[in-house]
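This report refers to the structure that appears directly beneath it.
Number of protein chains: 2
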Amino acid sequence: MRASDIDRVRELPIFADVAPEIFRVATAGAHVQRFPAGTMLLLEGDPVDFLYVLLEGQVELHGTWNDHDTVMTILRPVSTLILAAVVLDTAALMSARTLERCEILMIPGDAIRTAMRLDSHFAMAVSRDLAGSYRGVVRNMKNIKLRNSTERLANYLLALRAVGDGGSIVRLHHEKRVLASLLGMTPENLSRSFAALNKCGVAVQGSVVTLSNIAALEHLAKPDPLIDNYAPRGGEIVGDADAEIWLSEHGREKPR
Amino acid sequence: MRASDIDRVRELPIFADVAPEIFRVATAGAHVQRFPAGTMLLLEGDPVDFLYVLLEGQVELHGTWNDHDTVMTILRPVSTLILAAVVLDTAALMSARTLERCEILMIPGDAIRTAMRLDSHFAMAVSRDLAGSYRGVVRNMKNIKLRNSTERLANYLLALRAVGDGGSIVRLHHEKRVLASLLGMTPENLSRSFAALNKCGVAVQGSVVTLSNIAALEHLAKPDPLIDNYAPRGGEIVGDADAEIWLSEHGREKPR
DNA sequence: GCAGGCGTTTGATACAAATCAAGCCAAGCA
DNA sequence: TGCTTGGCTTGATTTGTATCAAACGCCTGC
């Protein structure tokens with residue numbers, strides 16, 4: 064591994080508190096690898112030998128059943144992939160595919176488990192990462208079970224705005240068919256949901272979306288801090304445990 | 064805490080490998096409490112001060128939004144509740160309610176976090192529990208996004224059979240309206256889904272379900288080890304990492 | 001420039017699920 | 001016994017979503 068890579072890895076949340084010698088154990092046999100867009104990194108059901116850490120690019124996790132498939136989440140840097148499977152030393156439940164050119168750190172699963180055994184701080188960091196991921200899926204599940212597709216889209220747009228510059232113009236990060244699957248609908252219905260949001264001041268042109276009436280959009284979307292992982296709840300001070308928040312396409316919470 | 068309670072707690076997966084002095088730290092200030100059926104243990108958004116360990120009874124975790132609510136999972140002994148929130152020291156994303164009389168061990172969150180810092184084996188056990196929970200929700204999510212309601216019911220019945228005695232008669236563990244919400248449908252549609260499964264040999268009488276044509280039911284359900292957490296995949300030997308499996312109403316995987 | 005391909009949009013239709021409204025049934029109780 | 005209650009079922013209807021089909025726009029490669 065190159066020195067510049069080591070520096071970047073050092074900054075990952077899961078390695079923040081780790082002693083130097085443990086860091087060496089954890090990253091023993093680790094290497095950074097580059098993948099082109101559209102690469103299948105991992106198929107669901109595969110045994111997992113490496114922990115993947117996404118340093119650059121976007122990766123989609125998706126699931127398949129009976130000739131259907133659905134995008135479960137989309138990860139952006141810096142995120143771990145399949146940490147749960149590594150911790151349990153078991154098969155992956157989701158497939159992973161690069162959506163664009165990616166740079167990924169691959170760490171042998173054994174090294175991760177050994178480092179956890181040797182350093183409680185590292186094991187705690189892993190726990191925090193997993194706890195954040197767990198809560199991410201729970202939020203996602205509430206989103207799917209409690210809202211209809213237009214409401215999900217509206218909240219997605221508001222979340223995009225919140226993690227961006229907060230202006231009234233947001234850019235979609237993915238192809239619409241990918242976004243549709245992530246939001247649990249068909250591409251056709253994503254189109255129609257966008258059309259339905261016209262009356263809330265939403266205008267789409269390619270991947271650029273203009274939100275000209277945030278109040279109306281919020282009235283329809285009814286964003287909720289227990290589902291949508293952004294922005295502190297009304298008037299609270301930022302800085303406490305849960306106010307520091309981070310979004311990865313309705314993905315996971317940021318472990319502290 | 065009574066000596067008999069201590070013995071039971073000792074057997075919990077997360078305390079299996081823990082040194083005696085750490086066990087004492089972790090359970091400092093812990094106590095067992097009994098709750099009647101229908102008790103709200105925790106409201107979503109509440110700060111979480113205790114880790115709950117369900118020793119007896121059933122607890123439902125549910126989420127709310129905009130006057131709707133949905134059952135996210137149902138836990139049976141022995142399970143931890145809201146471990147993720149305890150690890151991150153943050154607010155709960157789901158409400159918890161007892162479905163029947165329950166016996167619950169309550170451990171101060173501070174004690175858990177301290178014990179994790181002191182003992183890497185305990186921190187690893189927490190990681191495994193969280194990893195199992197994470198994978199449980201992922202399975203649940205795939206179930207919801209990839210299957211229609213009748214398919215979900217069919218798989219639920221097969222899962223019940225698998226964790227039971229494997230006979231052709233299974234007992235539903237919950238009221239039908241709770242089951243309906245858990246499976247992501249209305250009570251009315253649960254009725255209709257049961258009716259639709261008649262042609263696969265499914266007959267319902269109250270909470271007793273007779274499955275007289277497993278082959279037909281499986282043909283419709285198409286159970287998948289990457290969604291339905293029971294039974295080893297075809298012909299594999301039980302005993303390896305993931306074959307030892309355990310179901311809690313499509314809940315979580317058993318941490319080893 | 002033009003042809004082809006692919007992602008997207010639009011419309012028509014079919015299907016699935018939620019909702020609304022009765023009615024049923026068994027348990028609890030006066 | 002008769003009454004009420006709550007959970008469950010059944011039917012009619014509406015709403016939401018998927019599917020099918022066609023057309024459009026855009027980019028690419030020839």
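Top to bottom, those sequences are chains F and V.
Offset between the first sequence (1-based) and the working numbering: plus 63.
Offset between the second sequence (1-based) and the working numbering: plus 63.
Every residue gets a Cβ at the ideal spot worked out from N, C-alpha and C, and that includes glycine.
Source: prediction; values computed, not measured.
To which residues does DSSP link residue i through a beta bridge?
| i | result |
| --- | --- |
| GLU123/F | ILE137/F and ARG160/F |
| LEU144/V | TYR115/V |
| ARG234/V | VAL271/V |
| ALA155/F | ALA155/F is not bridged to any residue. |
| GLU166/V | ARG97/V and GLU119/V |
| ASP130/F | ASP130/F pairs with nothing; no bridge assigned. |
Using a Cβ cut-off of 7 Å, pull out every chain F residue sitting near residue i, in sequence order please.
| i | result |
| --- | --- |
| GLY126/V | LYS205 and LEU209 |
| ASP182/V | SER183 |
| ALA147/V | ALA194, TYR197 and ARG198 |
Excluding five sequence neighbours on each side, which residues of the same chain lie with their C-beta closer than 6 Å to the C-beta of residue i?
| i | result |
| --- | --- |
| LEU75/V | VAL141 |
| ASP291/F | ASN218 and ALA222 |
| PHE98/V | THR161 and CYS165 |
| CYS32/F | Nothing about residue 32/F can be reported from this structure: the residues present for chain F run from 64 to 319 only. |
Using C-beta distances below 7 Å, list every residue in its chain close to residue i, excluding the 5 sequence neighbours before and after it, in chain order.
| i | result |
| --- | --- |
| GLY92/V | PRO171 and ALA174 |
| MET103/V | SER158 and ARG160 |
| ASP80/V | HIS184 and ALA188 |
| LEU235/F | LEU242, SER270 and VAL272 |
| MET169/V | ALA93, HIS94, GLN96, PHE113 and TYR115 |
| ALA100/V | THR161, LEU162, GLU163 and ARG164 |
| MET135/V | LEU124, HIS125, GLY126 and MET157 |
At 9 Å on the CB atoms, spell out the chain F contacts of residue i, in chain order.
| i | result |
| --- | --- |
| GLY247/V | ILE207 and LYS208 |
Which residues in chain F have a C-beta closer than 8 Å to the C-beta of residue i? List them in chain order.
| i | result |
| --- | --- |
| SER190/V | VAL150, MET179, ALA186, VAL189, SER190 and LEU193 |
| VAL200/V | TYR197, VAL200, VAL201 and MET204 |
| GLU107/V | LEU289 |
Hey, is residue i close to the ligand FAD, as in C-beta under 7 Å from one of its heavy atoms?
| i | result |
| --- | --- |
| ARG255/F | With respect to the ligand FAD, the structure shown offers nothing to examine, as it has no ligands at all. |
Leaving out the 5 sequence neighbours to the left and right, which residues in its chain are closer than 8 Å to residue i when beta-carbon positions are compared?
| i | result |
| --- | --- |
| VAL111/V | LEU105, ILE145, ALA148, VAL149, ASP152, THR153, ALA154, ALA155 and GLY172 |
| VAL88/V | ALA174, THR177, ALA178 and LEU181 |
| THR213/F | SER256, ALA259, LEU260 and LEU283 |
| SER254/V | LYS239 |
| ALA82/V | ASP182 and HIS184 |
| LEU246/F | SER212, ARG215, LEU216, TYR219 and LEU253 |
| ILE232/V | VAL271, VAL272, THR273 and LEU274 |
For residue i, go through chain V and note every residue whose CB falls closer than 8 Å to its CB, in chain order.
| i | result |
| --- | --- |
| THR90/F | Ordered by position in chain V, no residue passes the 8 Å Cβ test against THR90/F, which lies about 18 Å from the chain. |
Which chain V residues sit within Cβ distance under 9 Å of residue i?
| i | result |
| --- | --- |
| MET135/F | VAL201, MET204, LYS205 and LYS208 |
| MET157/F | VAL201, LYS205 and LEU289 |
Show which residues of chain V have a CB atom less than 7 Å away from the CB atom of residue i.
| i | result |
| --- | --- |
| LYS285/F | ASN129 |
- Residue ranges of each alpha helix (DSSP H) run of no fewer than 4 residues wholly in the region 67-118 of chain V, ordered along the chain? 83-89
- Task: Kindly provide the ranges of any beta strand (DSSP E) runs that are 3 or more residues long and lie completely inside the region 169-230 of chain F, ordered along the chain.
- Result: none
- In the region 261-298 of chain F, which residue ranges form an unbroken beta strand (DSSP E) of at least 3 residues, counting only runs that do not cross its ends? 265-268 and 271-274
- Message: Three or more C-beta pairs under 8 Å: does that hold for the region 183-195 of chain F against the region 175-188 of chain V?
- Response: Yes: at least three Cβ pairs fall under 8 Å.
- Message: Assess contact between the region 272-290 of chain F and the region 209-220 of chain F, defined as three or more Cβ pairs (one per stretch) separated by less than 8 Å. Is contact present?
- Response: Contact between the region 272-290 of chain F and the region 209-220 of chain F is present, because at least three Cβ pairs lie under 8 Å.
- Message: Taking contact to mean 3 or more Cβ pairs, one atom from each stretch, closer than 8 Å, check whether the region 234-244 of chain V and the region 198-208 of chain V are in contact.
- Response: no
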